Amino acid sequence: MKQKKTLEQAVHGLFLILGLVTVGCVLLITVYLIIAGIPAIREIGPVNFLFGQEWASTASEPKYGILPFVLTSVYGTAGAILLGVPIGFLTAVYLAKLARPRVKAVISGAVNLLAGIPSVVYGLVGMMVLVPGIRRLFQIPDGSSLFAAIIVLAIMILPSIVKVSLTALEAVPKEYEDASLALGATSIETYFRVSVPAARSGIAAAVVLGVGRAIGEAMAVMMVSGNVANMPSLFQSVRFLTTAVASEMSYSAGLQRQALFSVALVLFLFIMLINAALNFFLKRGKED
Amino acid sequence: MRKAMGVIMAASLMLTVLFGCGQADNTPASSGAGAVSGTVATDGSTSMEKVIGALGEQFMSDNSGINFTYNPTGSGSGITAVEEGRCDIGLSSRSLKDEEKAKGLTETVLALDGIAVIVHPDNPVSDLDLETVAKIYRGEIVNWSEVGGTDAEIVLIGREAGSGTRDGFESITQTADSCQYRQELTSTGDVITTVANNPGAIGYASLASVKDTVKPLSIGGTAPAEATVKDGSYAVQRPFVLVTKSDGQLSAAAQKFFDYATSDAANDIISKAGAVPAN
C-alpha cells in the first residue's frame, strides 16, 4: 500500500517536471528577450526607437527607428484579417450548417491541408506567381509590396479561422436552432441570428488566433514584401517586425544586433497582448 | 512536503544525468594532435566569411591539431588587429592603403570578388558604365529609356544591410548609404529569381552564382567573367586580401594556413565559395 503511494508520487513528480519544462522555456525566452532587448532601447532612446521613422542600421550614422516596422505589421495584419475573416467565417458557417457530408469532408480536408503547408512554400508560390501577377494587374514597376503580403497572410490564416469557428458553431446546442425554426424563421435566418451569436466568443477567438498567426509570420512575408524599411503604403516595398529581425540578424553586430533583439521584444509584447485577448474571449465564452 | 522533496530529488537527478553526459562527451575531443598544433586566429572582413570559412573548415579537417578561428569584425578592424598583434592574419576586402603599408603591413591577394550587375534577359540594355550604374542605384536615373532601354521604371534590387555583396557593390560604385532600393532580399538566389521575373529589374550578385535566367551587364564594355576579373579589366570587383606583418614571423600553424590558402589546392574551395582565386 505504502509502496503504491510512493510510486504514485514519483509519477506525479515526473509529470510536474515535464509540465514545468514548458513554463521554463517561456520564462527563459521572456527573460532573455528582456535582458537582450532593453540595452539598445536605452541607448537609442525609447521615443527615437519606437517612433523614429527611419531605419538605417549599417549607415555611417545609423538610425534605428522602428515605426515603419510596427505600422507595417499592424496594417498587414489588419489587411489579412479584413480579407481572411469574412472568407474563413462564411466557410465555417457553410461547413457547419449547410454543406452535405461529402462536400464537407472534401472542404475540411482541403482546409487541413492548407494548414499543413509550410510557410516557405506560401512564400515561394507568392514570389513566383503572386508578385509578378500583381505587377501586371496593377501596372506597377514591382509587385513585391504590402498588398502581396496581405494576400499571402490572408490565405495563411484561413485554416485557423475556419477550424476554430467551425468548432464553435458546431458546439451551439441544437435546441436553440430547433426553437428558432419552430418559431417560423428560415434556416439562413436561424444560422445568422441564433447560431452565430451563440458562437460569437469562439468566433472572436478564431479572429484573435488569426491575428496571432499573421503578426508572427516571417518567412512567407519576407519573400513577397520586398523588405525595404519604408513607411507602409499598399503598393510599396515594406518590412515587417518579423522580417526586420530575420533579414538582418545573420550579419549583424554591436548595436545593430542589440536593436534587432529590441525589435523582437516589441514583437513579443504584441504577441503577449494578442494572447491576453485570446484568453479573455475564451474565458467569456465559458461564462456565457 | 514529501511531494516537493520528491520533485527536487528527481530534478537534481535529471540535471546530473544531463550535465554528466555533456562532460563525458567533451573531454576526448581535445586530445588528438597532429604534426603541427596551435591556433590560427583570423580577424576582419565580413564579406570574406564564405571563402575563409570554407578554407578554415577544410584546413582544420586536414590538420586535426590546429584550431582555426575567424572573427568577423570588418576589414578596418581586421587590419588594426594584425597591426596590434591581436590576430595572426588579418582579412581585408580592399587593398591596403599606403599609410597602412607604411606601418609595416603586407598584403597578399587571396582571391578576387567579382560582382555581376544583372538584368532581365529581355532587357535591351546590355552595357553600362560604372558611373551610370551608380546613378541608377542612387535614384538619379529612374527610367530605362534614359540609358537606351524601353520606357519602363527601373526596379532596384539589392541585398540586406550587412551583406558582404551589398557592401562590396556599394563601396565599388560609391553608393554606400544612398541606394534607393525597391527590394532588399536576403540571398543571392532570391535576387536572381526576382530579377528573372521582372523585366524592369536590375540587381547585383556574386559572379559565381549568376545563372542564365538573368543577363549580366558588361561594365564599360567589359563582360564579367573569371578572366576579366582576374586581369582587372572588369570594374565591379575587389580583392580579398590576407594581411600580415612585414617583419614579424608567423607561428608555425599560421604559416601552414597561409601556405595552404595561397596554394593551388585551395583554388577549388575558393571558387566554390563564390570568388575568383588570385593564384
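Those sequence lines, one after another, are chains S and Y.
Mind the numbering: the first sequence is residues 279 to 566 in this note's numbering, read in order.
Mind the numbering: the second sequence is residues 22 to 300 in this note's numbering, read in order.
Glycine residues also receive a C-beta, built at the ideal position from the N, C-alpha and C atoms.
Predicted model, so just to flag it, every value in this text is computed and none were measured.
When 8 angstroms is used as the limit between beta carbons, S/Ala334 is near these residues of chain Y: Ala182 and Asp198, in chain order. Chain S places a beta carbon closer than 7 angstroms to that of Y/Val176, counting this residue as a contact. With distances taken between CA atoms, S/Ala356 lies nearest to S/Ile493 out of S/Ile493, S/Thr369 and S/Asp420.
According to the DSSP assignment, S/Lys441 belongs to the alpha helix (DSSP H) that extends over Leu424 to Glu448. Judged by DSSP in its simplified three-state form, S/Pro346 adopts helix. Y/Tyr91 sits in a strand when the DSSP states are folded into three classes. Excluding the 5 residues flanking it on each side, S/Ala432 has same chain C-beta neighbours closer than 6 angstroms at Ala358, Leu361 and Gly362, in chain order. Minimum Cα-Cα distance from S/Ala446 among the listed residues S/Ser479, S/Ser422 and S/Ser540 corresponds to S/Ser479. For Y/Asn218, at least one C-beta of chain S is nearer than 7 angstroms to its own C-beta. Residue Y/Ala275 holds the alpha-carbon nearest to the alpha-carbon of Y/Gly59 among Y/Ile110, Y/Ala275 and Y/Tyr281. Residue-level contact by beta carbon fails for S/Pro340 and chain Y, as no gap is shorter than 7 angstroms. Shown here for Y/Ala273: same chain residues with a beta carbon closer than 7 angstroms to its own, the five before and five after excluded, namely Val57 and Gly59 in chain order.
The Cβ atoms of Y/Ala155 and Y/Ala296 lie no closer than 7 angstroms to each other. Between S/Thr336 and Y/Ala182, the CB-CB gap stays under 7 angstroms. The beta carbon of Y/Ile100 lies closer than 8 angstroms to those of Gly65, Gly111, Ser113, Leu117, Glu121, Leu126 and Val264 in the same chain, with the five residues before and after it left out.
S/Ala427 is a Cβ neighbour of S/Val502, given a cutoff of 7 angstroms. Note: Y/Leu149 is bridge-paired with Y/Ile240 in the DSSP secondary-structure output. In the three-state reduction of the DSSP assignment, Y/Thr194 falls in the coil class, being assigned neither a helical nor a strand state. Y/Tyr202 reaches chain S at Val506 and Ser515, counting residues in chain order whose Cβ is nearer than 8 angstroms. If you check the CB distance, Y/Met69 and Y/Phe261 come in under 7 angstroms. Interface flag for S/Tyr400 against chain Y is unset, since no Cβ pair is found closer than 7 angstroms. Within chain Y, Glu181, Ala182 and Gly183 have C-beta atoms less than 7 angstroms from the C-beta of S/Glu526, given in sequence order. In the structure shown, S/Pro340 falls within a coil segment according to DSSP collapsed to helix, strand and coil. At a cut-off of 7 angstroms between beta carbons, Y/Gly221 contacts chain S. Distances from the CA of S/Phe367 to each of S/Thr468, S/Leu298 and S/Gly488 were compared; the closest alpha carbon is that of S/Gly488. DSSP links Y/Leu206 through a beta bridge to Y/Arg180. With a cutoff of 7 angstroms on beta-carbon distance, S/Val506 and Y/Tyr255 are scored as not near each other. Contact residues of the stretch 65-97 of chain Y toward chain S are Thr67 (C-beta to C-beta distance below 7 angstroms). In the DSSP annotation of this structure, the continuous segment of the alpha helix (DSSP H) that includes Y/Glu70 starts and ends at Glu70 to Asp83. A straight line joining the alpha-carbon of Y/Pro145 with that of Y/Gly170 spans about 6 angstroms. Around the CB of Y/Lys277, 16 or more other CB atoms lie within 10 Å, so the residue is classed as buried.
Put simply, the CB of Y/Thr207 is near chain S, with a gap under 7 angstroms to one of its CB atoms.
For S/Ala388, the enclosing alpha helix (DSSP H) starts and ends at Pro379 to Gly394. Here the stretch 531-541 of chain S makes no contact with the stretch 438-454 of chain S; the two share fewer than three CB pairs at distances below 8 angstroms. Taking all protein chains shown into account, S/Thr284 has fewer than 16 neighbouring C-beta atoms within 10 Å of its C-beta and is therefore exposed. For Y/Leu76 and Y/Thr63, the gap between their C-alpha atoms comes out near 12 angstroms.
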